[in-house]
Structure formats: structure tokens, C-alpha cells
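**Student:** Chains as they are written, first to last, in this note's numbering: chain A, 1 to 321; chain B, 322 to 484. Quick one: the structure is below, and I'll ask about it shortly.
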Amino acid sequence: MEIYPYAVAKIKVRENRLLTNENLEQLAQEEEMERIVSSLMEKDYNFEMVSRYEDYEVVLKKAEEDMYKLIKEIIEEKNIAEIFLSKNDFYNMKLILKSHVEGKDYQDKLLNSGTVSKEEISRIMESEAYDRLSKNRKQAILDAMEAYQKTKMPFIIDAILDKECFHHMKKLAAQMKNDFIAKYMTNLIDITNIKTFFRVRKIYKDPYIFEVSYIEGGKITLNHFMENLDEDEQNLKYKFMGFSSTIAQAIDHYENLDQFCDNYIMNYMKEAKLKALTIEPIVAYIYAKKTEFKNIRIIFSGKLNGVSPERIKERLRESYV
Amino acid sequence: MEFLEGLANGQFLAILGASIAIIFAGMGSAKGTSIAGQAAAGAVSEDSSKFGKLLVLQLLPGTQGLYGFIVAFLILSKAGLLGTTVALTTGQGFQLLASGLAIGITGLVSGVAQGKAAAAGVGVVAKNGDDLGKAITIAAIVETYALLGLLISFLAYNGVVVG
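Have a look at this one:
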């Protein structure tokens with residue numbers, strides 16, 4: 001197994017600068033934005049580049065770009081960053097396609113840190129020059145548009161592109177021949193399917209939507225989900241062994257479903273703390289930083305919209321440290 | 322014919338034994354210090370104040386090469402290559418060669434293994450500088466097996482009677 005002593009040691013030092021659960025709760029409790037910003041600046045978030053608190057996204061986008069730049073500098077394995085970054089490409093593609101069919105503007109919502117720049121992806125999608133994308137991506141876009149024309153349901157664009165996104169991520173993970181990353185992908189697919197499963201049960205109530213959205217590659221089969229779509233809530237946690245705690249939490253507080261699912265993956269990532277030289281701590285660090293960005297977004301949007309500290313704390317994701 | 326006679330020459334075999342001791346043990350140390358050094362460089366690139374502490378960890382896998390050098394020096398000395406000339410039989414040459422094998426092989430394996438343990442220790446110190454003692458202790462345990470190799474090499478070397 002390949003070892004990365006330089007990269008892992010560098011990351012271990014950086015882990016000391018991650019926000020802990022206590023740090024996050026203190027920030028949520030803080031009443032003055034100035035003090036929140038000052039605490040975050042101590043953790044390398046460059047708020048000097050913006051003049052208004054409302055522009056926190058600019059700071060987070062820069063921090064994300066810096067994080068991926070660091071990863072690419074310290075490790076030759078390119079797949080590791082691409083596994084996480086390709087999700088942003090597909091997010092941009094979905095956003096542009098859905099904005100077109102719904103006649104909305106999307107430019108401000110595009111993500112910058114994909115494997116393809118937002119300007120490039122925008123040009124490709126606008127001019128329908130899909131040949132400049134990979135064969136599988138092009139096919140997924142054409143399939144999504146065809147399915148949308150038939151059904152007129154925007155969710156189908158998400159479903160088809162998400163399938164291709166996970167297929168691509170899983171392929172990259174398989175090339176790395178690392179059990180931890182392979183299991184991360186399996187868990188991520190299962191947890192994504194569980195999220196869809198709950199949404200279909202609670203909101204859409206249409207098995208067809210689940211069937212179309214189901215992503216292959218996890219441990220839980222489509223049949224198992226379909227058989228349990230109408231199962232009594234109290235029995236569900238016994239039907240999905242390995243996910244029973246997340247399922248139980250989701251039943252009690254459906255509104256925090258995303259949070260429980262994120263925490264499930266974070267708890268898996270914490271296994272990387274036991275690895276000293278191999279790639280696992282680097283993968284976990286990327287996930288830890290992405291979760292930290294999400295937590296900062298929750299704190300800022302909560303504070304700027306006058307949400308109570310208690311409500312903000314309830315929505316915070318588990319930190320890696 | 323002369324070539325075969327050369328191979329059976331006692332002094333040639335003793336030199337081979339000394340070479341095995343230093344080459345393999347040296348390879349173990351080179352690889353081990355390289356692994357620990359890469360880890361130390363990674364940590365120092367983020368926090369240069371830890372340089373002194375991390376240097377100790379990088380040095381730990383360096384001892385195997387030193388043990389190999391000591392055994393090689395002793396073998397060359399007994400073979401009469403560093404001072405008074407001694408007549409060595411083929412059997413005595415083989416005995417000296419075998420005495421060099423113990424530290425050579427244990428030095429190679431333990432050097433690499435200790436390098437990995439020391440690199441893991443760098444991660445511990447990177448998180449908390451106060452844990453240097455624990456990190457050293459963990460990596461130093463691997464040293465035991467290099468020391469056992471050195472001991473056997475030394476006892477075997479001592480048992481070889483020449484002249």
C-alpha cells in the first residue's frame with residue numbers, strides 16, 4: 001500500500017486548525033458578527049477580502065479553492081480531489097439544465113471549484129457543445145433532456161445526472177484500489193438513497209420517483225427500498241441494519257434528515273484518525289473541510305437572518321475534531 | 322578455476338560478510354530515515370517550531386546503519402584487512418560472512434519498519450508537541466529487533482577463532 005508521509009504529516013498539523021464542535025457552538029452562540037469573523041480569521045479564513053458579512057460565500061469559495069490547491073500540491077494521486085470536485089461539475093450541469101427549462105437565471109449560483117471552470121461549463125452548456133465533455137457526461141445530459149421532454153418533471157434531470165455523477169465517482173474510487181475510499185463511496189450511495197427514500201415517503205409518495213432516483217453501487221438494493229416504501233415507521237430501523245441509528249433519528253426529526261446523513265458519513269471518516277501514513281487522513285481532511293464550510297454557511301445564514309442560536313446549533317454538522 | 326578459488330578465499334568471504342552487514346543495514350536506515358524525514362518535513366512546512374523535536378524521530382531509524390557499520394568494521398578487523406595480516410580458511414571466511422547476515426537482514430527490515438513507526442510518531446507530535454516522549458517510545462520498541470540482530474552478529478563474530 002502506498003504511503004504519503006509528507007502529505008499526511010502536513011494534514012495532521014492542519015487538523016489542529018479545524019473548528020471543533022465546541023468552537024462551532026461558541027460561534028453559533030456569539031451575538032456580534034465581528035467576533036465571529038475575528039475567530040474565523042484565526043482559522044485561516046480570509047475575511048479581509050470582503051467588506052460585508054453577506055459576502056461570506058466569497059471567503060468560503062476561496063478557502064475551498066485553497067484547500068484543493070493544497071491537496072493537489074502535496075499528493076500526486078489526482079483521483080482523490082476529482083472524486084470530490086466532480087460533484088461540483090454535476091451540480092453546475094444540473095443547475096444550468098434546470099434553469100433553462102424553468103427559465104431562471106443561474107450565473108450567481110454556479111460553483112467555481114469543479115474539475116471544469118464555471119465559465120467553461122457555462123459555455124459548453126449554452127452552446128450545447130457536449131462533445132467537449134466526456135462521453136458518459138454527454139450521454140447523461142442527452143438522456144436527462146429526453147426524459148424531461150417526456151415527463152416534464154425537473155427532478156428527473158437531477159436523478160439522471162446524479163446517477164452518472166456517482167457512477168463516475170465510484171469508478172475513480174475503484175481505480176485507487178483503497179478499501180477506505182471504496183467503502184466511503186458505498187456508504188455515500190446508501191445514505192443518498194436513504195435520503196431519497198425518506199423524501200419519497202414523506203413528500204412525493206410516488207414509488208416511480210424513487211425507482212428513477214435510486215443510485216446503484218450501495219449495499220442496499222432497490223428491491224429492499226421498494227419493499228419498505230410503505231413500511232410502518234416504527235419498523236424501519238430494523239429493516240436497514242447498519243443505518244438504524246440514522247433512520248431512527250430521521251423518523252423523529254425528519255426536518256434534520258440531511259444533518260443526520262452528513263453525520264453518518266463523518267462518523268465513518270473518523271476511522272481515518274487511526275491511519276498514520278496512508279491516504280485515508282487526506283480523504284477525511286477534505287471531507288472535514290467541506291463539512292466545516294457547510295457549518296460556517298449555517299452559522300452565517302442563520303445569524304444574518306436572525307435565527308436563534310439554539311436553532312443554529314441544532315442544524316450544525318458533527319465536526320471531524 | 323582461479324575464479325572459483327577466489328570465491329573460496331577466506332578473506333573474500335569475510336569482505337562479503339562485512340559488505341552484507343553494512344549494505345543491508347544501511348539500506349534499512351536510509352529508507353527508514355527517508356520515510357520519517359518526509360513526514361517531519363511535512364509537519365515542519367506547517368509548523369517550523371517543531372523542527373527540533375521531529376529531528377529526534379527522524380534520527381531513530383538511523384541506528385541500524387551504525388550497527389551494520391560496527392559489525393562490518395569488526396569483521397574486516399578480524400579478517401586482517403585493517404592491520405596485521407591473518408590467514409583465513411574458507412570455513413572461517415564463511416563463519417564471518419554468516420555473522421554479518423544477522424545485522425544485515427534485521428537492520429534492513431527493522432530500519433524500514435522503524436521509519437514508518439517514527440513517521441506515525443511525527444503525526445502524534447504534529448497534533449500535540451508534548452507527546453514527543455510517547456512517540457519516541459513507540460518507535461524505539463522496533464529498535465529492540467535491530468539490537469537483537471546486532472547481538473547475534475557480535476556473539477557469532479566473537480565465536481570465530483582465527484589465526
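Quick reminder that beta carbons are idealized off the backbone N, C-alpha and C, glycines included.
Could you compute how far the alpha carbon of A/L133 sits from the alpha carbon of B/A447?
**Tutor:** Spanning the two alpha carbons is a distance of roughly 42 Å.
**Student:** Quick one: what does DSSP say B/A329 is sitting in, helix, strand or coil?
**Tutor:** Correct three-state label for B/A329: coil.
**Student:** Quick one: list the residues of chain E neighbouring A/E15, beta-carbon separation under 9 Å, in chain order.
**Tutor:** Annotation note: the requested chain E is absent from the structure, which comprises protein chains A and B.
**Student:** When the Cα atoms are used, what is the spatial distance from A/E42 to A/E22?
**Tutor:** Answer to the nearest angstrom: the Cα atoms are 15 Å apart.
**Student:** Measure how close the beta-carbons of A/Y287 and A/I265 come, nearest whole angstrom, since I'm counting them as under 8 Å.
**Tutor:** Contact flag correct, Cβ pair sits at about 7 Å.
**Student:** What residues from chain A crowd round B/Q359, counting only those whose CB sits closer than 7 Å?
**Tutor:** Within 7 Å Cβ-Cβ: P5, Y6.
**Student:** Can you find a CB in chain A that lies within less than 8 Å of the CB of B/I462?
**Tutor:** Cβ-Cβ to chain A under 8 Å: no for B/I462.
**Student:** When the cut-off is 8 Å and only beta carbons count, does B/V443 lie next to chain A?
**Tutor:** Yes, B/V443 lies at the interface with chain A (some Cβ there is under 8 Å from its Cβ).
**Student:** Looking at the unbroken alpha helix (DSSP H) that takes in A/P207, where does it start and where does it end?
**Tutor:** 207-213 is the span of the alpha helix (DSSP H), which, as asked, contains A/P207.
**Student:** Which residues, taken in chain order from the stretch 257-290 of chain A, show a beta carbon closer than 7 Å to some beta carbon of chain B?
**Tutor:** Within the stretch 257-290 of chain A, the qualifying residues are A276, L277.
**Student:** How many angstroms separate the CA atom of A/F155 from the CA atom of A/V212?
**Tutor:** Distance between the alpha carbons of A/F155 and A/V212 is about 10 Å.
**Student:** Let's test the definition: count the other Cβ atoms within 10 Å of the Cβ of A/E65 and tell me whether it reaches 16, buried, or not, exposed.
**Tutor:** Its Cβ having fewer than 16 others within 10 Å, A/E65 is exposed.
**Student:** Report the option in A/R311, A/D44, A/I160, A/L274 whose CA atom is closest to the CA atom of A/L18.
**Tutor:** Looking at the Cα atoms, A/D44 is the closest of the given residues.
**Student:** For a contact meaning CB atoms closer than 7 Å, what does B/D368 contact in chain A?
**Tutor:** Result: V13.
**Student:** Once the 5 residues before and after A/C261 are set aside, which same chain residues still bring their CB inside 6 Å of it?
**Tutor:** The answer, listed in chain order, is I191, K195.
**Student:** Quick one: what's got a C-beta closer than 7 Å to A/K275's C-beta in the same chain, skipping five residues either side?
**Tutor:** Once the five neighbours on either side are set aside, the close Cβ partners of A/K275 are P281.
**Student:** Could you check what DSSP says for A/N187 in three-state terms: helix, strand or coil?
**Tutor:** Three-state result, A/N187: helix.
**Student:** Excluding five sequence neighbours on each side, which residues of the same chain lie with their C-beta closer than 7 Å to the C-beta of A/Y91?
**Tutor:** So the qualifying residues of the chain are L111.
**Student:** Please determine, among B/G373, B/S474, B/G412, B/A434, the residue with the shortest C-alpha to C-alpha distance to B/L328.
**Tutor:** Minimum Cα distance to B/L328 is reached at B/G412.
**Student:** Return the chain-ordered list of same chain residues with a C-beta closer than 7 Å to the C-beta of A/I157, the five sequence neighbours on each side being excluded.
**Tutor:** Answer for A/I157: K94, L97, K98, A144, Y148, listed in chain order.
**Student:** Work out the CA separation of A/K202 and A/I74 for me, nearest whole Å.
**Tutor:** Roughly 44 Å separates the two Cα atoms.
**Student:** Whether or not the stretch 27-34 of chain A and the stretch 385-392 of chain B are in contact is what I'm after, with contact meaning three or more pairs of Cβ atoms, one per stretch, closer than 8 Å; do they touch?
**Tutor:** The stretch 385-392 of chain B vs the stretch 27-34 of chain A: no contact.
**Student:** I want to see whether chain A comes within less than 8 Å of B/A351, judged by CB atoms only; does it?
**Tutor:** No - not a single Cβ of chain A is within 8 Å of the one on B/A351.
**Student:** At what residues does the alpha helix (DSSP H) containing A/E120 begin and finish?
**Tutor:** A/E120 -> alpha helix (DSSP H) spans 118-126.
**Student:** Are B/A346 and B/L429 close, meaning C-beta to C-beta below 8 Å?
**Tutor:** Yes, the Cβ-Cβ distance between B/A346 and B/L429 is below 8 Å.
**Student:** Between which two residues does the alpha helix (DSSP H) carrying B/I457 extend?
**Tutor:** Note, B/I457: alpha helix (DSSP H), 453-480.
**Student:** Is the beta carbon of A/N305 sitting closer than 8 Å to the one on A/Q175?
**Tutor:** For A/N305 and A/Q175, no; Cβs fall outside 8 Å.
**Student:** Check for me: the alpha helix (DSSP H) holding A/A250 runs from which residue to which?
**Tutor:** Taken as a continuous stretch (DSSP letters only), the alpha helix (DSSP H) holding A/A250 covers 244-252.
**Student:** Going by Cα to Cα distance, which pick from B/V365, B/V443, B/G425, B/K352 is closest to B/F390?
**Tutor:** Out of B/V365, B/V443, B/G425, B/K352, B/G425 has the C-alpha closest to the C-alpha of B/F390.
**Student:** Quick check: is the beta carbon of A/K10 nearer than 8 Å to any beta carbon in chain B?
**Tutor:** Chain B, which has a Cβ nearer than 8 Å to the Cβ of A/K10, makes this yes.
**Student:** With a cut-off of 8 Å, does the C-beta of B/K455 fall near any C-beta of chain A?
**Tutor:** So, not an interface residue.
**Student:** If A/L24 sits next to A/L316, beta carbons under 8 Å apart, how far is it from one beta carbon to the other, in whole angstroms?
**Tutor:** Right, their Cβ atoms sit about 5 Å apart.
**Student:** Nearest-angstrom Cα distance between B/I343 and B/I462?
**Tutor:** So the two alpha carbons sit approximately 22 Å from each other.
**Student:** Using the C-alpha atoms, what's the distance from A/A182 back to A/Q139?
**Tutor:** The alpha-carbon atoms of A/Q139 and A/A182 are separated by roughly 25 Å.
**Student:** Enumerate in chain order the residues of its own chain whose CB-to-CB distance from A/N295 is below 8 Å, with the five nearest sequence positions on each side excluded.
**Tutor:** Once the five neighbours on either side are set aside, the close Cβ partners of A/N295 are L19, L24, L316, R317, S319.
**Student:** Any beta carbon from chain A within less than 8 Å of B/G363's own beta carbon?
**Tutor:** So yes, B/G363 belongs to the interface.
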